[in-house]
Each structure stands twice: as structure tokens, then as C-alpha cells.
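Going letter by letter, the sequence shown gives residues 33 to 305 in our numbering. Have a look at the structure below, then the notes.
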Amino acid sequence: MSVQTEVAPLGVLLRTWRERRRYSQQELSNRSGVSTRHLSRVETGKARPTPEMLVHLCENLDLPLRERNRLLLAGGYAPRYQDRRADDASVALVMDGLRALLDAHLPYPALLLDEYWDIVDANAAVDHLLAGCAPRLLEPPVNVVRVSLHPDGLAGRIGNPAEWGGHLLRQLDHRAERTHDERHHALAAEAAGYLAAAGYPAEAAGHRGGAADPGAAPAGPVLSLDIDVDGTPLRFFSTSAVLTTATDAGLAGLHLETFLPADEATRRWLHRR
Numbered sequence: 033m034s035v036q037t038e039v040a041p042l043g044v045l046l047r048t049w050r051e052r053r054r055y056s057q058q059e060l061s062n063r064s065g066v067s068t069r070h071l072s073r074v075e076t077g078k079a080r081p082t083p084e085m086l087v088h089l090c091e092n093l094d095l096p097l098r099e100r101n102r103l104l105l106a107g108g109y110a111p112r113y114q115d116r117r118a119d120d121a122s123v124a125l126v127m128d129g130l131r132a133l134l135d136a137h138l139p140y141p142a143l144l145l146d147e148y149w150d151i152v153d154a155n156a157a158v159d160h161l162l163a164g165c166a167p168r169l170l171e172p173p174v175n176v177v178r179v180s181l182h183p184d185g186l187a188g189r190i191g192n193p194a195e196w197g198g199h200l201l202r203q204l205d206h207r208a209e210r211t212h213d214e215r216h217h218a219l220a221a222e223a224a225g226y227l228a229a230a231g232y233p234a235e236a237a238g239h240r241g242g243a244a245d246p247g248a249a250p251a252g253p254v255l256s257l258d259i260d261v262d263g264t265p266l267r268f269f270s271t272s273a274v275l276t277t278a279t280d281a282g283l284a285g286l287h288l289e290t291f292l293p294a295d296e297a298t299r300r301w302l303h304r305r
């Protein structure tokens, strides 16, 4: 298990996360059932919560599992959540099940991604989409945000770069806001830089809560990824699934990204392949 051993005082961490969630002490009290007086005493270091109360507060603050471990350590308690790698033998059955979903999705593309959008695994249909990308972008770990927006990746083949790029940026911003992880903030800045360099400023692409074109009507019932593959224009829409019951920090960051045809021509092309 990998956890940080140097942590800030518990009260500081708890107050920081409460403020990040934009909760007053009263609101957190209403959500958790812990009195404002006791919350104040914990935040000022005058009271020490039990590990059960601390986990309860973390749940009400929607903290990532690694951050819950940090607060437990700061409170003088042992971490509760393992943090295993995807190749750890103890999670082999879970990983086998997720990989089976990838294969079951064929002939449509599907990827298993970690919390930073690095590819953990993918089915064979993804190879069609990534063909022609610069080899250095396909060296593990392959980051799908970088591959999608980098000029030597898929950027030149995406037909709606501002819309799709804005979609990716909003996901990155949402994840960074939840985790306050510097790697998420850095990846969002990198993605915004690619769009800006291509003539799509971050604001126009929907960065920080904007919209690609606030006055434009949606082009269809779902946002599509329009991409040219081997000279053929294809259209996909995507779905994302996470392990909502994960009690391991490594597994909690995994998500399954699947792509489905958004028109009949794309469906026929994929089935022929």
C-alpha cells in the first residue's frame, strides 16, 4: 500500500477540504450530523475524532480514498484503504472481469483508463483509431487526452476539435476540482495549451465551465467524436463507467470508456472490420 507519511495536522486538512467543497461548518454539520461545536474543535486541534467519525466526515466531503488515508494518518490512525497496482495479483479477478467487458464490447472501441486517463488496457478496435499517431505518443503509459489533442496524435483527424476538446477539458476540470491533484491540473493545462495552439482558446472550448459555442444549437442528441479513420469519416458517442463499490484507491481511479457508433455508416464500417 502506498500512502503519504508526511501529512499536515488533521484540523488543517479537514478545514481545507471543507472549504474546497465550499461547505460552511453548519452545512457539513447538517450533512454529517456532527455538531458545529465539535467540528470547530477538531479543526482547531482541540478535539480528536474517532476513526469512525473521521471516515464518516470524509464520506460526507466526498474525499478520494487516498485523501481519506491522509486524514486517518493525520489523526493518528492506520490507513483503511489499500492502494494496489492494476497488475497486483490480489485484484486479478477484478481486472479479468473488466478486461472481459472490453472484449465483449467488440467490434466497438473500449478502453480501461486510470485516474489520469492513462490506458491500462484496450480492445483491438482501439488500434484502428490510434493508427497513424506518432510512435512516441503510443509509448506506455499512453494518455488518451494527450493522444486526442496533440498535433501529432489524433488532433488532425478529429472533425469537431473545439467541441470534443471542450468535452475533455470539462472532464479534466471536474476531476481536478474533486481531487485537487496537481497532475490533474497539469493535464488540464496541457490539453488547453494544445487547443489554444490550434486556434481554439480554452474559453471557447469550454474550459472552466464555458461552452464551445453558447449560441449554437446542439448538432445531435449526444456529443459525438467525429474522426477520420483510413480516409473514412466515423462518428462515435462515448459512455463512461466507474467501480462505484471500490474500496481500493487504485481500483477507485479506474474507469471504462466505451465508444458506440453515432450513425449507421460507422456501425457498418466497424462490423466489416
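Glycine residues also receive a C-beta, built at the ideal position from the N, C-alpha and C atoms. Values in this document were obtained by computation on a predicted structure and should not be read as measured data.
Beta carbon of residue i nearer than 8 Å to that of residue j
{"i": "residue 169", "j": "residue 182", "result": "yes"}
{"i": "residue 138", "j": "residue 157", "result": "yes"}
{"i": "residue 255", "j": "residue 199", "result": "yes"}
{"i": "residue 74", "j": "residue 81", "result": "yes"}
{"i": "residue 126", "j": "residue 149", "result": "no"}
{"i": "residue 204", "j": "residue 219", "result": "yes"}
{"i": "residue 288", "j": "residue 133", "result": "yes"}
{"i": "residue 232", "j": "residue 193", "result": "yes"}
{"i": "residue 304", "j": "residue 160", "result": "no"}
{"i": "residue 45", "j": "residue 103", "result": "yes"}
Beta-carbon contacts of residue i that lie in its chain and below 8 Å, excluding the five residues immediately before and after
{"i": "residue 117", "result": "282"}
{"i": "residue 298", "result": "266, 267 and 268"}
{"i": "residue 123", "result": "116, 280, 282 and 283"}
{"i": "residue 189", "result": "164, 259, 260 and 261"}
{"i": "residue 97", "result": "113, 115, 278, 279, 280, 281 and 284"}
{"i": "residue 58", "result": "68"}
{"i": "residue 191", "result": "258, 259, 260 and 265"}
{"i": "residue 179", "result": "162, 165, 169, 170, 185 and 186"}
{"i": "residue 109", "result": "83 and 86"}
{"i": "residue 76", "result": "43"}
According to DSSP, residues forming a beta bridge with residue i
{"i": "residue 267", "result": "258"}
{"i": "residue 290", "result": "142 and 271"}
Neighbourhood of residue i by C-beta distance below 6 Å, restricted to the same chain and skipping five residues each side
{"i": "residue 93", "result": "49 and 53"}
{"i": "residue 42", "result": "106 and 107"}
{"i": "residue 290", "result": "137, 142 and 271"}
{"i": "residue 257", "result": "196 and 268"}
{"i": "residue 175", "result": "149 and 150"}
Chain-order list of residues whose beta-carbon lies under 7 Å from that of residue i (same chain, five-residue window excluded)
{"i": "residue 146", "result": "152, 285 and 286"}
{"i": "residue 241", "result": "Reliability of the predicted coordinates at residue 241 is poor, the pLDDT of 43 falling under 50, and the value obtained from them is presented with this limitation in mind. Counting only Cβ-Cβ distances below 7 Å, and skipping sequence neighbours, we find nothing."}
{"i": "residue 66", "result": "85 and 89"}
{"i": "residue 63", "result": "92"}
{"i": "residue 119", "result": "none"}
{"i": "residue 273", "result": "287 and 288"}
Cβ of residue i within 8 Å of any chain D Cβ
{"i": "residue 72", "result": "Among the chains of the structure shown, chain D does not appear; only one protein chain is present."}
* Hey, is the segment 195 to 214 in contact with the segment 151 to 171, meaning 3+ C-beta pairs nearer than 8 Å? -> no
* Of all the alpha helix (DSSP H) runs that stay within the bounds of the segment 141 to 228, which reach a length of 4 or more residues? -> 158 to 162, 176 to 181 and 193 to 211
* To do: Would you list, in sequence order, the uninterrupted alpha helix (DSSP H) runs of no fewer than 4 residues that lie entirely inside the segment 64 to 133?
  => 68 to 75, 83 to 92 and 97 to 106
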